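The block underneath contains the structure these notes are about, expressed in structure tokens.
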Amino acid sequence: MSGFLELAISGLMSGLVIGLAALALTLVFGVARFANAATGDFMTCGAYAALAGFTATGSIVLGGLVGLAAGALVGVLSYLLVFRVLEGRPSVSALLASIGVGFVIRAVLGLIYGHGQQVFQLPLVRPWRVYDLRIQPNDLKIGIAALATLAVVFLILHATPMGRRMRAVADDPMLARVSGIAPRKVMLGLWAMGGAVAALAGVLLGIKTVVSPEMGWEMLIPVFAAAVLGGIGHPVGAVVAGVLLGVLQEIATPYVGFTYKLALAFVVLLIVLLVRPKGLFGRVEGVR
Amino acid sequence: MDAYLIAIAIIGAIYVLLALGLNLQYGLTGIVNFGHVGFFCVGAYTTAILSTHSLSMLITFPLAALFAMLAAWPLGLASIRLREDYFAIVSLGFSEVVRLVVTSERWLTQGVQGIPGIPKMFGMLSGTTQALAVLGLLVLLNLLAVAAMVRIVRSPFGRMIEAIRDNEEAVKALGKDPAGFKIQVLVLGAGLAGIAGAIYAHYIGYISPDQFVPLMTFQVWMAIIMGGVGRISGALVGALLLMVFLEGSRFLRDLMPFISEVAMASVRLGVVGLALVLFTMYRPQGLMGDFTRK
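Chain order of the listed sequences is X and V. Residue 23 in the working numbering is what sits at position 23 of the first sequence, and the numbering runs on without skipping anything. Residue 1057 in the working numbering is what sits at position 57 of the second sequence, and the numbering runs on without skipping anything.
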């Protein structure tokens, strides 16, 4: 029983990471209307930047901030250089370009850092024991960091003028424009936020596991599954679905084996798309 | 040098076969298939497993195509109900799951070790003659595929799938059901990829899961986008450019050996990515496309 609970807790933590990345995917999708396949590589970018920051300063918090900044920068740059040009084209063009952007990011990281795995050299900590449960303090900190990020994102979305504009554009771009909202600024803010959130997910994933150029790309299917399960374009849904998916993956591991974790995410994705394409929380998309 | 050129031509012709299939799916019908390598993989493993258990290639080749087509069937069912970009991610996931299965099911596929000693085609010949025979077979298959494509484009079937690509809703409004057509196109393209995989497996003689990564799918995408989507000449020109690039990067490494193989792999990845970005941005109609239209 305690083993089961430990798996569930571990799943909760990796689920929060998936949820964060799905949030980044869904934020951009809500406004730009395409699935940004480079989200995973934004994560990787964040992880490497954080690793560099951590090595330079010795502080994991500072490292995380460096990662965050790098993610925001990559998000904004890819919008300015690529996706802004593709606005108004079919979503397939943007999707294909986002695959390309992801490849370029991975190629650059691979050239700089090689393809080996790197780790955050954090001191080993003895796990806490609560009754029969072993809890890794690091896992707990990762969970808290993820929750704090989520809180900040939701505060920005719901309690700032910028956030209100973002939601307005996501809801109805035309109406937002005639109401005097400049879509460009909103897009910039959104890509920065999407990049930063994805990067943070990457940092947390890197701390929990290892950092490699492929780490984010390999998360694409679970992240996309979580975004779809949550109802694409729905921020709360993305996080809840991410957590659900993370827990499901972990507690299923003893039954399906370690390697089929990804296949599980794929099956969830397929079932949701076929049975309930609007996801758990989504509304039926209006005709535009 | 002759042997080298023939080897490049063989790999190039395999890519042309893949590109023709993808062009049928995306260029003519608008199905965004990001999992092409999955069908290639199914074809390669089918023939590898069966022929190393001493089944004749005359049987394993059709089976390779058949299994690839069978793998495409459920995906085709999904394609009817999904928006095109959702289907793209699903098909990408499908090809990754195929790779997971061949990595994990060691009893069948020998896992990461891969399957060595796949018999050569035209085993009675040797050396250059044998390679030429393989190339001849590929050219024959490509000609057949091109002939089929030309016929498809000019048939009612072709007009229907192009109508589906251009406006699926209008097709539905006219009382035609696009579903069957999309499934057929996906299955046909997968069959071509399966045959391409089978030839690849017998030509290389050794297959392992890491030969079937998504990068390969996107190399084919790069080929058809550079060449010109929806055009048969585009598939040919694109595959040719792809080969020039892949082989050119190898030459570059021979000339500048201080670039490590790992670094070169990153460069290849980056160039494929850059080509996808730049062509979708600035030349979506490809090199062979209509120059007056943008």
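Each residue gets a CB set at the ideal place from its N, CA and C atoms; glycine is no exception. Owing to the predicted nature of the structure, the values given are computational and were not obtained by experimental measurement.
If you draw a straight line from the C-alpha of I251/X to the C-alpha of A8/X, how long is it?
6 angstroms
Note down the Cα distance separating G1123/V from L16/X, rounded to an integer number of angstroms.
56 angstroms
Does the distance from the CB of A1065/V to the CB of V1187/V come in under 7 angstroms?
no
What's the gap between the Cα of L1082/V and the Cα of L273/X?
7 angstroms
Have a look at T55/X, V178/X, A69/X and flag the residue whose alpha-carbon is nearest the alpha-carbon of G46/X.
A69/X
Along the alpha helix (DSSP H) that carries W1221/V, what are the first and last residues, could you check?
1214-1227
Does DSSP put Q118/X in a helix, in a strand, or in coil?
strand
Could you give the distance in angstroms between the alpha-carbon of S305/X and the alpha-carbon of G1175/V?
Since the first and last residues shown for chain X are 1 and 288, residue 305/X lies out of range.
Taking only beta-carbon atoms, is H234/X less than 7 angstroms away from chain V?
no
What in chain X is Cβ-close to P1178/V, meaning under 8 angstroms?
Result: empty, since nearest Cβ-Cβ is about 17 angstroms, beyond 8 angstroms.
Using only the alpha-carbon positions, how far apart do K278/X and I271/X sit?
12 angstroms
Considering only the alpha carbon of each residue, which of V101/X, D171/X, G237/X, A241/X lies closest to V1270/V?
Checking the sequence shown, residue 1270/V turns out to be Gly, not Val. It is V101/X whose Cα lies nearest to the Cα of G1270/V.
Of the residues L96/X, L269/X, F224/X, the one placed nearest V1220/V, counting alpha carbons only:
L96/X
Under 7 angstroms Cβ-Cβ, which residues of chain X neighbour L1082/V?
L273
Got a sec? Which residues, its chain only, sit under 6 angstroms from D132/X by beta carbon, not counting five neighbours each side?
S2
Quick one: Cα of E1247/V to Cα of V1098/V, how far?
28 angstroms
Please return the same chain residues whose Cβ sits closer than 8 angstroms to the Cβ of I1059/V, not counting the five positions on each side in sequence.
L1050
For I1207/V, the residue or residues it bridges with in DSSP:
I1115/V
Residue from M1264/V, A1239/V, V1229/V whose Cα sits closest to the Cα of F1279/V
V1229/V
Along the chain, which unbroken stretches of the beta strand (DSSP E) at least 3 residues long are found entirely within the region 65-94 of chain X?
none
Closest to S179/X by C-alpha separation, out of R165/X, G189/X, L190/X, would be which residue?
R165/X
Is A32/X close to chain V, meaning its C-beta is less than 7 angstroms from at least one C-beta of that chain?
no
How would you write the range of the beta strand (DSSP E) that V130/X sits in, first residue to last?
128-130
Given I1232/V as reference, the closest of L1005/V, S1054/V, Y1086/V, L1024/V once Cα atoms are compared
L1024/V
Taking one C-beta from the region 1012-1020 of chain V and one from the region 1239-1253 of chain V each time, how about it: are there three or more such pairs within less than 8 angstroms?
yes
Could you check whether the Cβ of T259/X sits closer than 7 angstroms to any Cβ belonging to chain V?
yes
Rounded to whole angstroms, how far is the Cβ of M219/X from the Cβ of M43/X, which I believe are closer than 8 angstroms?
7 angstroms
Can you tell me where the alpha helix (DSSP H) with R1268/V in it begins and where it stops?
1261-1282
Partner residues on chain V for V85/X, Cβ-Cβ distance less than 9 angstroms
M1281, Y1282
Separation of P235/X from V85/X, as counted between CA atoms:
26 angstroms
In the DSSP assignment, what residue or residues form a beta bridge with V211/X?
Q118/X
In angstroms with no decimal places, state the Cα-to-Cα distance between Q1113/V and G206/X.
28 angstroms
Cut-off 6 angstroms between Cβ atoms - residues of its own chain near L1125/V, not counting five sequence neighbours on either side
A1133
If you count every other CB in all the chains shown that lies within 10 Å of the CB of G1234/V, and 16 or more means buried, which is it?
buried
Cβ-based neighbour list, I105/X, same chain, cut-off 8 angstroms, excluding 5 preceding and 5 following:
A38, D41, F42, T44, C45, V74
Suppose contacts are defined by Cβ-Cβ distances below 7 angstroms. Is A50/X in contact with G64/X by that definition?
yes
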